[in-house]
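Worksheet for the structure shown next.
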Amino acid sequence: MTSRAQRIRTKLAGLLVAGALVPVVAHAQVRTRSNEIGGGSSSAGAVETGRYVFAGIGIDEYENPSVWKELDNAVNDVVRIRRTLQDGFGFDSPDEWILLDGDATAEAIDLLVDELRRTLQPDDNLVFFYAGHGAEVRDVVGGEEVGRTGYLVPVEAKVPVDRSPSQYVEIEDLLEALARVQARHVLVILDSCYSGMALEGSFKTRGAATTQQARDLMGRVSRRVLTSAQSDQLAADGGADFPGNSLFTGWLTEALQRAASQRGGDSASPDVDEDGFITATELYSFVRGRVGSASDSRQTPDFGAFELDQRGELVLTLETDPFDDWFQEAEESFLAGKFDEFMDAADEALALDREGPRTSYLRYLRARIDDDTGAVLGALREMSALVEAGESVPMSRGDLMIELRRTESLCRKSTCTIPGDL
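Counting with my numbering, you get residues -18 to 403 for the letters of the sequence shown.
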């Protein structure tokens, strides 16, 4: 290291001691994901988990539109939920487990369930999603209703359900079959009219509030169903809130995306307790509140358990963005005056090519250490522009303006090369 560089680092260390370079950014909560809930293999009480897998059915174009009109968003709903779970939570989803439009026959749905029963293992976690038409049959005896049966509508259904129920997929039968897959956790999500019929019947319980820790929930078998509407309600195929998706799936995807990106606590994220885990109950609570309060909503999601549930729950572990880890390490190293460690961590963070206030701040600190006045000015201008746009940056506005004016004055007195101005 040159004597000049050493003097710069000594000066920066002095500024740190004096409190002149203390960043105000809040530390990101660090969350990890492995094959266990609760840490590495030596963690007491850790719960082994297998694969997280997704199977989906979406039907827009029915073979008999005179009976079942075309939908706009069911296929999009499956595609979006699938991508969100794959990208945000590492789900596996083989193409053969996705049935869209013409592929979604009653026979194909039965074969898909058979495939899941053959291939899933005892520690696996399944999300099974259906978007399309739903139907019901009311059983009337002596002029009085004695029961109702809910159905999902396969693509080839030719006549109304009350004339030929055998052409349809009875929800009760589907849940009974899915209850018997080997997976520890099964979460069935139904976005269709009358989907709340899934919670009618002798084996069903609504709510089933969960207060246990995530590790306890993971260890117990769960069979849960989340529906877009109550048993007597229609489900909207679209809405102004989420063009291209149904109201229910739009908010469900929003919940998952907020969780995956770890945006905020309280009402901003389904992870209200900020414990680094998302349970099916938390997803339901978030989605029910948003769907129920939507201006054009006439549906209320429902949630509960079905056959063979043992009061467990599917739990999603929130992954840490590697940028968060490297930024935190860089910040802590800088505050400790460990500038070599700071440079290493900052280089790793900047190599991820993220844009935003923390990236600009790392560029600023790095340029200060390198005594690169032009780069310092460039980073300060980036942060100033972000502040003007309403963003928060890891410096107080007053300190930022003072440093910006000071650096601009230095550049006027010397030749500065500002990155991006070449």
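Note that CB positions come from ideal geometry on N, CA and C, so glycine has one too. These numbers come from a predicted model, not from an experiment.
- Going by beta carbons, residue 113 and residue 40 fall inside the 8 Å limit.
- The alpha carbon of residue 373 has as its nearest neighbour, out of 386, 385, 341, the alpha carbon of 341.
- Taken through DSSP and simplified to helix, strand or coil, residue 268 comes out as helix.
- Within the model, the alpha-carbon separation for residue 140 versus residue 47 is close to 9 Å.
- Sixteen is the threshold: when 16 or more other Cβ atoms of the shown chains lie within 10 Å of the Cβ of residue 106, as they do, the residue is buried.
- Inclusion of residue 199 and residue 30 in the CB contact set at 8 Å is warranted, their separation being smaller than that value.
- Taken through DSSP and simplified to helix, strand or coil, residue 57 comes out as helix.
- If you keep only unbroken alpha helix (DSSP H) runs of at least 4 residues inside the stretch 275 to 362, you get 303 to 316, 320 to 332, 338 to 351.
- The Cβ atoms of residue 204 and residue 264 do not sit closer than 8 Å to each other.
- Judged by DSSP secondary structure, residue 121 falls within the beta strand (DSSP E) whose first and last residues are 115 to 122.
- Unbroken beta strand (DSSP E) runs of no fewer than 3 residues, entirely contained in the stretch 28 to 112, are found at 33 to 39, 79 to 81, 106 to 112, following chain order.
- In this chain, the alpha helix (DSSP H) harbouring residue 229 covers 228 to 242.
- Taken atom to atom, the span from the alpha-carbon of residue 135 to that of residue 377 is near 59 Å.
- By DSSP's assignment, residue 208 forms a beta bridge with 171, 283.
- 167 is the residue among 167, 353, 309, 394 whose C-alpha sits nearest the C-alpha of residue 294.
- Residue 38 sits close to residue 111, with the two beta carbons spaced by under 8 Å.
- Under the three-state reduction of DSSP output, residue 150 falls in the strand class.
- The three-state reading of DSSP puts residue 203 in strand, counting E and B together.
- Under the three-state reduction of DSSP output, residue 372 falls in the coil class, being neither helix nor strand.
- For residue 388, the secondary structure class from DSSP, reduced to helix, strand or coil, is helix.
- For a cut-off of 8 Å, the C-beta gap from residue 358 to residue 397 is around 6 Å, short enough to register as a contact.
- Around the beta carbon of residue 334, fewer than 16 other beta carbons lie within 10 angstroms, which makes this residue exposed.
- Secondary structure of residue 398 (DSSP, three-state): coil.
- Just measuring C-alpha positions, the residue of 162, 215, 144, 164 sitting nearest residue 115 is 215.
- The beta-bridge partner set that DSSP reports for residue 133 consists of 115, 150.
- With a cutoff of 8 Å on beta-carbon distance, residue 267 and residue 236 are scored as near each other.
- By a beta-carbon distance limit of 8 Å, residue 392 does not contact residue 337. Their separation comes to about 24 Å.
- Proximity to residue 79 across 49, 68, 96, 71 peaks at 96, based on C-alpha coordinates.
- By the C-beta criterion, the stretch 155 to 162 is judged to be in contact with the stretch 87 to 101, since at least 3 inter-stretch pairs fall below 8 Å.
- For residue 127, the CB contacts under 6 Å within the same chain, skipping 5 residues up- and downstream, are 120 in chain order.
- In the three-state scheme derived from DSSP, where H, G and I count as helix and E and B as strand, residue 128 is classed as strand.
- For residue 86, the closest of 109, 44, 71 by C-alpha to C-alpha distance is 44.
- When beta bridges are read from the DSSP output, residue 260 appears opposite 296.
- The Cβ-Cβ distance between residue 173 and residue 282 does not fall below 8 Å.
- Rounded to the nearest whole angstrom, the CA to CA distance from residue 76 to residue 42 is 19 Å.
- If you draw a straight line from the Cα of residue 137 to the Cα of residue 147, it is about 12 Å long.
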